[in-house]
Amino acid sequence: MALDLEEQEQLDEFKAWWRQNGKWVIAAVAAFLIVVGGVRGWQYWTAKQAGEASRLFEQAMQAVALNDAKAIKEITGQIMEHYPRSAYSAPAAWLVGRLNYEAGDLKSARAQFQFALDHARDKPLEQLARLRLAAILLDEKDYEGALAQLSHEPEAAFAGLYALLKGDVLAAQGKSTEAKAAYKLAVEKLNEKSQLKQLAEIKLEGLGG
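Taking our numbering, the leading residue of the sequence shown gets 3, the next gets one more, and so forth.
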């Protein structure tokens, strides 16, 4: 699979997700504190934790903009270690997981995407994590494991990516008929402007589709 294209599109998806949901995440954390606080000491501690995690995550996003891999790893590591229950831990894990995946460190990436999946508070991030886990499992030739991740029904925005990767897994298994069906679905679901749509069409043609 053209991982450079896929990863860039997923990073764009993530950045778009943060632009759309970042304020909501912060507001949701604040609302949570108000609703369940009860004890002033707990309220203060939780608010402080959320504020520190938020500050670190903003720094991580700045590091992404600067392509500063070292800073991304250090900052996201702090969030995951010290603020795992915050709304920022899953996005942080996804960011560093993507970085390690691109660097070929599949073991670390797999653990970080699993962390993101386990701590995700919204469907888009959960589905991005599943997609990356499936790609790693495909690389490791764990085809059944990859298909298990892709068996979860994605939202419309991710249906094309799921179908394309599923086609790759099935093709690797030698299941041409099923792979063709997956690639056809990918062609149908991927955005017309996406280069991955063209890739899906090429793969479909390669199987005689």
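Virtual Cβ for every residue (Gly too), placed ideally from N, Cα, C.
Since we're looking at a predicted model, the values are computed, not measured.
Asked                                                                                                                 : Found
Sequence-distant residues of the same chain with beta carbon closer than 8 Å to glutamate 157, five excluded per side : Lys125, Pro126 and Gln129
Simplified DSSP assignment, three categories, for glutamine 80                                                        : helix
Closest residue to tyrosine 2 among Val98, Glu190, Lys168 and Lys205 (Cα-Cα distance)                                 : With the chain represented from 3 up to 211, any question about residue 2 goes unanswered, as that position is not in the structure.
Proximity of alanine 94 and isoleucine 81 at Cβ, strictly below 7 Å                                                   : yes
Proximity winner among Ala181, Lys191 and Ala136, relative to glutamate 207 (alpha-carbon distances)                  : Ala181
Serine 88 classed as buried or exposed, judged by whether at least 16 other C-beta atoms fall within 10 angstroms     : buried
Proximity test, Cβ basis, 7 Å: alanine 161 and chain D                                                                : The structure shown has no chain D; it contains just one protein chain.
Run of the alpha helix (DSSP H) containing lysine 168, from where it starts to where it stops                         : 158 to 174
The alpha helix (DSSP H) enclosing lysine 125, as first and last residue numbers                                      : 125 to 141
Outcome for leucine 68 when other beta-carbon atoms lying within 10 angstroms are tallied against a minimum of 16     : exposed
C-alpha gap between isoleucine 28 and tyrosine 90, whole angstroms                                                    : Residue placement at isoleucine 28 is poorly supported in this model, since its pLDDT is 49, which falls under 50; the coordinates still yield a value, given next. Cα-Cα distance, rounded: 9 Å.
Contacting residues, own chain, Cβ-Cβ under 7 Å from tryptophan 44 (five flanking each side not counted)              : Its pLDDT being 40, under 50, tryptophan 44 is placed unreliably by the model, and the measurement read from it follows with that caveat. Once the five neighbours on either side are set aside, tryptophan 44 has no close Cβ partner at all.
Reduced DSSP secondary structure (H/G/I, E/B, other) of lysine 195                                                    : coil
Buried versus exposed call for threonine 78 [16 or more other C-beta atoms within 10 Å across all chains shown]       : buried
Endpoints, alpha helix (DSSP H) assigned at tyrosine 90                                                               : Careful: tyrosine 90 lies outside any alpha helix (DSSP H) and carries neither H nor E.
Range covered by the alpha helix (DSSP H) that runs through histidine 121                                             : 108 to 121
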